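Participant: Same order as they appear, the protein sequences are chains A and B.
Be aware that the first sequence starts at 1, since it is given in our numbering, and climbs by one per residue.
Be aware that the second sequence starts at 273, since it is given in our numbering, and climbs by one per residue.
Got a structure here, written out as structure tokens. Questions coming.
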Amino acid sequence: MDKHKIFDRREFVEYLISIGAGSLVTAVLSSGLLNAKTSSIVETRPLNRVKRKYHYGMVIDTRRCVGCRACVLACKAENKTPPGVSYTVVFEEILENRPNDKPVFMTKPCFHCENPSCTDVCPVSATYKREQDGIVVVDYDRCIGCRYCMTACPYSARWFDFGENYPAIEKDTDWSKVPSPEYKQFRKREHEKSPIGNVRKCTFCLHLQDEEGKYNKEEGRWPACAKTCTGKAIHFGDFNDPNSEVSILLRERQYIRLKEELGTSPNVYYLI
Amino acid sequence: MDFINELLHDQNKVSRNLKKLFWIIGTCLFLVGFYGWIVRINDGHIKANYGSIVTWGLWVAAYIYFIGLSAGSFLVSSMVYVFNYKKFERIGKLAVFTALVTLLMALLSIWADLGHMGRAWHVMVYPNFKSPMAWMIYLYSTYMLLLIVEIYFLLRYDLVTSANNKTLKGKIYKLLSLGSKDTSEKSRVRDKKIVKVLATAGVPIAILFHGGVGALFGVVAARPHWHSGLFPILFLLSALVSGGALLTLISSVFQEGWTKNREIVVELGKMVLGLLLLDILFQISEFLIVYRGGIPGHVAGWDLVIKGPYAWVFWGWQGFVGTLIPLFLLTFKTRKSPQWVALAGFLIAAGIFGLRLNIVIPGLAVEEIHGLTSAIYSHRVDPHYFPSISEWMLTFGIVGFGMLLFGLGEFFLPKSYEANSHLSSEVKI
């Protein structure tokens, strides 16, 4: 019997106690760690998974657009874009058999797609979709000006700043000294300095957002094109808010998005 | 033909004259390039003619052309150093050196095309590996390093044996040999082993980066003209054709020219012919599928190629000069004469540049949204593109730079390749 006895009772009890204590300590420590770990996951995951805070987009009513191009000018005045750079353009399509021979006018800003094809091709991640509101932006200091994103955008919503100026700006006028408020960076376009040599695009006038990232139509903090639209054709708003003008319009009207087949899922809808 | 053969009777003289011509053209182009570079550095992109619609122009086409030449000539050199294809042994080093020079030309072209040349390093530091372009930079860097090391070990023995302190050449060799003095048979065997390892590693890298350039275009779903699974493969094939063709020309002019390299030139001609036919097959396949499919966006790009304002690039340059004439030269009796084969090589190499232009520009010149280019009045919003003078000059400058660099290398680098080929027949690795 004695041969098989590994330890006596006292030793056994002591052993048991030490094991118990050890496991207790381990359990406490590990559960603490685990809690900390899980809580950090719980905290971060919803932020990644949850719908973003704002989901900005536009709904453009092609029936209301009269083709005045005020949006194009308002955008130029707001963002101080040089010739050849036009964050929004109005193009027209003549459809046959339409009453009054009225062409369809379409104003086309950047669509700030859900799956933008431009951001993935950027070799330096200079252009990306913002987490908080889905606006696709360009980091002027990061961008190397390879223009790959311009080839990848199916909607020609990107423009390269070649460094040209309107004649009024070439001369030393007051106008020429006004910097562009884009991204709240107030850059002046100087020789070979960003944004010259960069790819530029519509930002939904995000410099007009407040600190929380909200726009306000009453205070005039609203994308310039939507603010100025004479026919009230450009509706801007937050798709996350079911009571926003844009959400209501999408519920009530027929809409199309351009080039759905590419899977980019634009955030600009056209009412037809 | 007899007349020309008679004219070329004194082959050494012809070869010397060709080399003289090469140096004159190279120097002129290099000097002309200064204008392009000065404009590029002073005025940025203002003097360039591409815009926001055709956003890539001559420089990008030049880039994919040069990088194709590099991949092509490297893959030809790998036939010697990886697959032990003895017939091309004599031009192996020339091929590797060509690969290095054309790689530098490609990098210069794409560097000039960047909006901010000073930020090229961003791709190294902030790479986005979802973008094929970020992969390119890493692959090119690896490839360049590999080429330099491979060239060093290819030439080490020759450099060491010709190094001395008396002549300028000797001093340069001493410098380039990096202090190595070992001339033993053992060290030469080691060199060959290293070269074989490097060349073997280079094959997948060359396929990756040039297939990658094809993918760079192919992944762009927004441009139906590019968005084809054939693209990476078509790029590789065109690379092999242009690289092989260039080597045909080079090996009949340089080193000892067609007097000694006769067999190589003719052999290369055969290879290029095969590859060219395969390349044509692939292009016809693409063409047929696009037109029979008939999707307007796909057809629009090809319509521009074959009946747009620059249809002559396709029919005249790429088709007639770059394909049809060389096909004749390489199939008829002329295929056995190195001069004609060299001419065919030159024409093919020049023709592939037309192919590169026809990839880049028609893909972009199709309006993505109908009516877009008439919505704004600006010469930057115009589907019509012809390179500006400064764009041409800069491209010429890069060609001149490449020619001079190649000429210098060819002049200075040791020519005792015959000793080496003697060794290779004894040593089996």
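Where a beta carbon is used, it is the ideal one built from N, C-alpha and C, also for glycine.
Remember, predicted model here, so these are calculated numbers, not experimental data.
1) Quick one, which residues of the region 437-456 of chain B are near chain A if we go by CB-CB under 7 Å, in chain order?
2) Once the 5 residues before and after L366/B are set aside, which same chain residues still bring their CB inside 8 Å of it?
3) For F105/A, name the three-state secondary structure that DSSP assigns.
4) Taking three-plus beta-carbon pairs below 8 Å as touching, is the region 627-647 of chain B in contact with the region 570-588 of chain B?
5) By DSSP, does V638/B sit in helix, in strand, or in coil?
6) If you follow the alpha helix (DSSP H) that E713/B is in, where does it begin and where does it stop?
7) Of all the options H191/A, F111/A, I94/A and Y87/A, which has the alpha carbon lying nearest to the alpha carbon of F160/A?
8) The region 644-662 of chain B: which residues have C-beta closer than 7 Å to a C-beta of chain A, in chain order?
9) Does the region 222-233 of chain A come into contact with the region 68-79 of chain A, if we say contact requires no fewer than three beta-carbon pairs (one atom in each stretch) closer than 8 Å?
10) Could you tell me if C300/B is buried or exposed, where buried requires 16 or more neighbouring beta carbons within 10 angstroms of its beta carbon?
11) Using three-state DSSP, classify H497/B as helix, strand or coil.
12) Taking buried to mean at least 16 other C-beta atoms within 10 Å of its own C-beta, is P179/A buried or exposed?
13) Output needed in chain order: residues of the region 260-271 of chain A with a Cβ under 8 Å from some Cβ in chain B.
14) Could you tell me which residues DSSP pairs with F604/B in its beta bridges?
15) In this structure, how does DSSP classify L47/A when only helix, strand and coil are distinguished?
16) Short of 6 Å in beta carbon distance, which residues of its chain neighbour N48/A, apart from the five on each side in sequence? Order them along the chain.
17) Where do the ends of the beta strand (DSSP E) carrying F91/A lie?
18) Applying the 10 Å Cβ sphere with the 16-neighbour rule, what's the burial state of V397/B?
19) In angstroms with no decimal places, state the Cα-to-Cα distance between E261/A and L411/B.
20) Could you tell me if the beta carbon of T230/A falls within a distance shorter than 8 Å of some heavy atom in the ligand SAM?
21) Taking 9 Å as the threshold (C-beta atoms), are V577/B and G323/B in contact?
22) Determine the closest residue to L450/B out of P581/B, D315/B and L431/B, with distance taken between C-alpha atoms.
23) In angstroms with no decimal places, state the Cα-to-Cα distance between G237/A and V136/A.
24) Among L418/B, F507/B, K465/B and V593/B, which residue has its Cα nearest to the Cα of G484/B?
25) Could you work out which residue in L330/B, P496/B, V326/B and E558/B is closest to G308/B when comparing CA atoms only?
26) Starting from the N-terminal side, write out each stretch of the alpha helix (DSSP H) that is 4 residues or longer and does not extend beyond the region 608-679 of chain B.
27) Among Y183/A, E78/A and V268/A, which residue has its Cα nearest to the Cα of G220/A?
28) How big is the Cα-Cα spacing for C149/A and P223/A?
29) Counting only the same chain and skipping the five closest in sequence on each side, list residues whose C-beta sits under 8 Å from that of G145/A.
30) Does the distance from the C-beta atom of C122/A to that of S403/B stay below 9 Å?
31) Note down the Cα distance separating L550/B from F559/B, rounded to an integer number of angstroms.
32) Can you confirm whether M408/B, when its beta carbon is compared against all beta carbons of chain A, has any partner nearer than 9 Å?
33) Tell me whether the beta-carbon of K184/A lies closer than 9 Å to the beta-carbon of H207/A.
34) Please compile the residues from chain A whose C-beta is within a distance smaller than 9 Å of the C-beta of W587/B.
35) Determine the direct distance from the alpha carbon of P659/B to that of I272/A, and round the result to whole angstroms.
36) Could you tell me the boundaries of the alpha helix (DSSP H) in which D225/B lies?
Facilitator: Quick look at the numbers:
1) none
2) As a first step, residue 366/B is located in the second sequence; it is residue number 94 there, counting from the start. Cβ within range, chain order: L519, I522, S523, F526, Q527 and E682.
3) For the purposes of this step, residue 105/A is taken as the residue at position 105 of the first sequence. Strand, per DSSP.
4) yes
5) One-based indexing of the second sequence puts residue 638/B at position 366. If DSSP states are grouped into helix, strand and coil, V638/B belongs with coil.
6) A question about residue 713/B goes unanswered here, because the residues of chain B that appear run from 273 up to 701.
7) Taking the first residue of the first sequence as 1, we reach residue 160/A at position 160. Nearest of H191/A, F111/A, I94/A and Y87/A to F160/A, Cα basis: Y87/A.
8) L644, A647, I648, S650, R652 and V653
9) yes
10) Your numbering for residue 300/B matches position 28 in the second sequence. Answer is exposed; the Cβ neighbour count stays below 16.
11) Mapped onto the second sequence, residue 497/B falls at position 225. DSSP places H497/B in coil when its eight states are reduced to three.
12) Position 179 of the first sequence, counting from 1, holds the residue named residue 179/A. By the 10 Å Cβ count, P179/A comes out exposed.
13) L262
14) Locating residue 604/B in the second sequence gives position 332, where the first residue counts as 1. Note: F604/B sits in no beta bridge, so no partner.
15) As a first step, residue 47/A is located in the first sequence; it is residue number 47 there, counting from the start. Model confidence at L47/A stands at a pLDDT of 43, short of 50, so the residue's coordinates are unreliable; what they give is reported in the following sentence. L47/A falls in the helix class under three-state DSSP.
16) Along the first sequence, read from residue 1 onward, the residue named residue 48/A stands at position 48. With a pLDDT of 45 at N48/A, under the threshold of 50, the modelled position of this residue cannot be trusted, and the question is left open.
17) Within the first sequence, the letter at position 91 stands for residue 91/A. Run containing F91/A: V89 to E93, per the beta strand (DSSP E) assignment.
18) In the second sequence, counting from the first residue as 1, residue 397/B sits at position 125. So V397/B ends up on the exposed side.
19) Counting from one through the first sequence, the residue named residue 261/A turns up at place 261. Counting from one through the second sequence, the residue named residue 411/B turns up at place 139. Between E261/A and L411/B, the C-alpha separation is close to 33 Å.
20) The ligand content of the structure shown is nil, which means the ligand SAM is not present either.
21) On the second sequence, residue 323/B is found 51 positions in, with the first residue counted as 1. On the second sequence, residue 577/B is found 305 positions in, with the first residue counted as 1. No; because the gap between Cβ atoms is not below 9 Å, this pair is not in contact.
22) Residue 450/B sits at position 178 when you count from the first residue of the second sequence. When each option's Cα is compared against that of L450/B, the closest is L431/B.
23) Numbered from its first residue, the first sequence carries residue 237/A at position 237. Numbered from its first residue, the first sequence carries residue 136/A at position 136. C-alpha separation (whole angstroms): 16 Å.
24) Within the second sequence, numbered from 1, the residue matching residue 484/B stands at position 212. If we check each option's Cα against that of G484/B, F507/B comes out closest.
25) Here residue 308/B refers to the residue found at position 36 of the second sequence. Ranking the options by Cα distance to G308/B, first place goes to L330/B.
26) 610-637
27) By 1-based counting over the first sequence, the position of residue 220/A is 220. Taking only the C-alpha atoms, the option nearest G220/A is E78/A.
28) As a working note, residue 149/A is residue 149 in the first sequence. As a working note, residue 223/A is residue 223 in the first sequence. Rounded to the nearest angstrom, the two C-alpha atoms are 23 Å apart.
29) Here residue 145/A corresponds to residue number 145 of the first sequence, with the count starting at 1. Here the set comprises F160, G197, N198 and V199.
30) Here residue 122/A is taken as the residue at index 122 of the first sequence, counted from 1. Here residue 403/B is taken as the residue at index 131 of the second sequence, counted from 1. Yes, they are a contact pair.
31) Indexing the second sequence from 1 puts residue 550/B at position 278. Indexing the second sequence from 1 puts residue 559/B at position 287. Distance between the alpha carbons of L550/B and F559/B: 14 Å.
32) The residue given as residue 408/B occupies position 136 in the second sequence. M408/B counts as touching chain A.
33) Locating residue 184/A in the first sequence gives position 184, counting from the first residue. Locating residue 207/A in the first sequence gives position 207, counting from the first residue. Taking 9 Å as the Cβ cut-off, K184/A and H207/A qualify as a contacting pair.
34) Residue numbering aside, residue 587/B sits at position 315 when the second sequence is read from its first letter. Correct list: empty, because the minimum Cβ distance to chain A is about 26 Å.
35) For this step, residue 272/A is matched to residue 272 along the first sequence. For this step, residue 659/B is matched to residue 387 along the second sequence. Spanning the two alpha carbons is a distance of roughly 41 Å.
36) Examination of residue 225/B is not possible in this model, given that chain B is present from 273 through 701 alone.
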